[in-house]
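Report on the following structure.
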Amino acid sequence: MKTESALEKILAGGHLAVTSECGPPRGALPEKIKEKAGMLKGYVDAINVTDNQTAVVRMCSLAACILIRQMGLNPVLQMVTRDRNRLAMQSDILGAYSHGIDTMLCLSGDHPYFGDHPMAANVYDLDSIQLVQMVKGMRDEGKFQGGDEILNPPKMFIGAAANPFADPFELRVARLAKKVKAGVDFIQTQCVYNLERFTKWMDGVRDRGLHEQVYILAGITPMKSAGMAKYMKNRVPGMDVPDEVVKRMSGVSKDRQAEEGIKIAVETIEQLKEVEGVRGFHIMAIEWEQKVPEIVERAGLLPRP
Amino acid sequence: MITAERKPIEEILEYLEPYDRILLVGCNECVTVCAAGGRKEVALLSSALQMARMKSGRTLEVREMTLERQCDPEYVEELVNFIDQAGAVLSMACGCGVQEVARRFKDKPVFPAVNTKFMGASERQGVWAERCQGCGDCLLGLTGGICPIARCSKRLLNGPCGGSTDGKCEISPEVDCAWQLIWERLKALGLEKRYEDIISAKDWRTSRDGGPRKIVREDLAS
């Protein structure tokens with residue numbers, strides 16, 4: 000074991016892991032984050048906390064992670080390289096670890112263009128792969144990126160994202176290999192709707208033996224409505240929602256679409272359980288956290304270890 | 203080359219409000235090539251300013267000059283005989299030219315007539331695109347001759363990100379994904395394997411982050 004991370008323990012123990020996420024509120028509302036995290040208690044192993052997701056200002060991931068940690072739950076600190084340079088990121092990592100946060104997800108983040116401050120400077124001192132390298136260096140060598148020694152180095156279980164659905168597809172396995180080379184411990188993928196493309200990607204992952212070097216958690220996002228399915232299909236960059244899925248959502252009456260979305264999510268999990276190399280699920284129920292327990296239960300993922 | 207675009211005339215007129223006589227100075231280099239501040243644009247702007255002034259019931263006397271290179275003290279010196287008659291200088295050069303004129307003529311207000319944009323190349327007639335950010339430590343040798351710092355919206359050194367779709371950047375279908383271009387190029391060169399070499403965190407000291415930069419060539423410096 001590289002860390003004290005509960006997520007690492009579960010994955011190393013050979014269990015299918017279940018993670019979920021909380022988007023922090025757009026205001027100084029600590030109760031909001033506690034309420035969201037509270038819904039997930041007992042149903043997931045760790046809770047990702049997004050970092051100014053879609054480049055929109057929210058309560059910082061670190062503060063929200065601390066609140067969740069104080070509830071006795073296991074937060075995953077998401078960190079994007081868009082908003083902070085390497086000094087700020089490393090000091091945040093020290094702060095997080097000082098509060099018992101031992102798992103993080105390294106991302107580049109959406110471009111500010113999408114958010115509520117499109118006029119902001121985008122930092123990108125590092126990219127996500129270099130962030131993985133930096134966090135690993137802090138953990139394994141006990142050194143800051145600049146080379147100085149760290150007193151009591153933070154032992155982070157290091158995650159990153161993978162999007163098997165972005166282009167060019169032929170590069171997507173190689174890109175994962177690069178993240179593995181950088182030292183990533185676990186991967187949470189983009190939401191899976193296109194199982195065919197996902198399994199094709201996993202074939203490539205297994206061909207190179209990458210599934211033995213990194214834990215892969217497949218991303219699941221239940222859709223609330225046919226409108227959401229269409230929006231995700233057409234408007235969200237790097238999202239692959241096949242026509243059949245949109246049709247299936249549109250094929251039921253409005254009041255039953257949410258249930259259909261949950262059904263699709265549960266079926267997807269069932270099918271992904273059969274894919275060798277999938278070591279767990281990352282359920283991102285966007286502003287729909289209350290549905291996570293039901294999905295986890297119906298997908299046969301209870302009780303949690 | 204350095205590219206530029208003319209500022210809106212309203213902004214220029216606002217700068218010139220207190221003055222009745224100006225020296226309008228173009229440059230024969232980059233801004234001529236990108237049709238922003240050469241002799242022709244100087245003449246056009248001059249007429250436009252005078253007409254606008256006349257509409258408001260005042261006149262504006264404009265002396266037009268276009269220097270060989272406005273970023274070079276040798277050529278800026280040519281303004282010396284005309285500077286006193288002008289209340290202000292309006293420069294159509296890039297920011298380097300504007301600053302060189304300001305440095306030489308310490309008591310003369312100098313205003314920019316263009317927005318300096320980027321270091322780029324001409325893609326086709328009338329279209330220029332960014333190519334270089336002057337990071338001071340060129341890595342084109344690692345990326346198939348395509349710069350991710352200038353051409354990836356997130357300047358990712360190990361791209362592409364998850365937002366790359368059909369060869370286009372997540373910010374706009376008008377923007378090529380630099381990492382798709384890099385990948386295609388590495389493939390064409392038979393260098394796909396190189397893609398998996400991690401480019402480590404960049405030392406930005408050679409870039410603007412290290413403070414204003416200067417080149418001193420001892421063999422040439424006087």
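If you read the protein sequences in the order shown, they are chains A and B.
Quick note, the first sequence lines up with residues 0 to 304 if you use the working numbering.
Quick note, the second sequence lines up with residues 203 to 424 if you use the working numbering.
Positions of the beta carbon are idealized from the N, C-alpha and C atoms, including for glycine.
All of these numbers come straight from a predicted model, not from anything done at the bench.
- Contacts with chain B (Cβ-Cβ distance below 7 Å) from the stretch 169-182 of chain A involve Leu170, Ala173, Ala176, Lys177, Lys180, Ala181, listed in chain order.
- In the structure shown, the three-state DSSP call for Ser424/B is coil.
- Under the three-pair Cβ rule at 8 Å, the stretch 118-125 of chain A does not count as touching the stretch 71-78 of chain A.
- A direct Cα-Cα distance of roughly 54 Å separates Leu104/A from Glu270/B.
- At a beta-carbon threshold of 7 Å, the residues of chain A lying near Gln382/B are Asp166, Pro167, ordered along the chain.
- Residues of chain A whose Cβ lies closer than 8 Å to the Cβ of Asp339/B do not exist, since the nearest Cβ in that chain is about 15 Å away.
- For Gly218/A against Thr367/B, the beta-carbon gap comes to about 17 Å, at or over 8 Å, which does not count as contact.
- Counting the other CB atoms within 10 Å of its CB gives Leu341/B a total below 16, which places it among the exposed residues.
- Taking the beta carbon of Leu301/A as reference, no residue of chain B falls within 7 Å; the closest one sits roughly 30 Å away.
- In this structure the stretch 226-236 of chain A does not lie against the stretch 196-209 of chain A, because fewer than three pairs of beta carbons, one per stretch, are closer than 8 Å.
- Contact between Pro153/A and Tyr96/A holds: CB atoms are separated by about 3 Å, below the 8 Å threshold.
- In the structure shown, Ser248/B falls within a helical segment according to DSSP collapsed to helix, strand and coil.
- Where Thr268/B is concerned, the enclosing beta strand (DSSP E) starts and stops at 263-269.
- Ser107/A places its beta carbon less than 9 Å from that of Arg81/A.
- When Cβ pairs closer than 8 Å are counted between the two stretches, the stretch 353-366 of chain B is seen to touch the stretch 123-131 of chain A, the count reaching three or more.
- Using a Cβ-Cβ cut-off of 7 Å, His110/A is close to Ser355, Lys356, Glu372, Ile373 of chain B, given in chain order.
- Taken atom to atom, the span from the alpha-carbon of Glu386/B to that of Gln289/A is near 44 Å.
- Glu279/B and Val264/B have their C-alpha atoms spaced approximately 19 Å apart.
- No Cβ-Cβ contact shorter than 9 Å links Ile285/A with Val291/A.
- Under the Cβ criterion (8 Å, minimum of three pairs), the stretch 342-355 of chain B does not count as touching the stretch 137-149 of chain A.
- Around Gln52/A, the same chain offers Gly22 as residues with beta carbons nearer than 7 Å, after the five sequence neighbours per side are excluded.
- Counting other Cβ atoms within 10 Å of its Cβ, Thr267/A reaches 16 or more and is therefore classed as buried.
- Secondary structure of Ala159/A (DSSP, three-state): strand.
- Excluding its 5 nearest sequence neighbours in each direction, Gly41/A has no C-beta neighbour in its own chain below 6 Å.
- Within the DSSP bridge table, the entry for Gly218/A names Cys190/A, His281/A as partners.
- Per DSSP, the continuous alpha helix (DSSP H) segment holding Thr267/A begins and ends at 256-272.
- Separation of Tyr397/B and Ser90/A (C-alpha to C-alpha, rounded to the nearest whole angstrom) is 31 Å.
- In this structure Thr102/A is buried. Its beta-carbon is surrounded by 16 or more other beta-carbon atoms within 10 angstroms.
- When 7 Å is used as the limit between beta carbons, Leu216/A is near no residue of chain B, the shortest such separation being about 15 Å.
- By the Cβ neighbour-count rule, Leu28/A is exposed, with fewer than 16 other Cβ atoms within 10 Å of its own.
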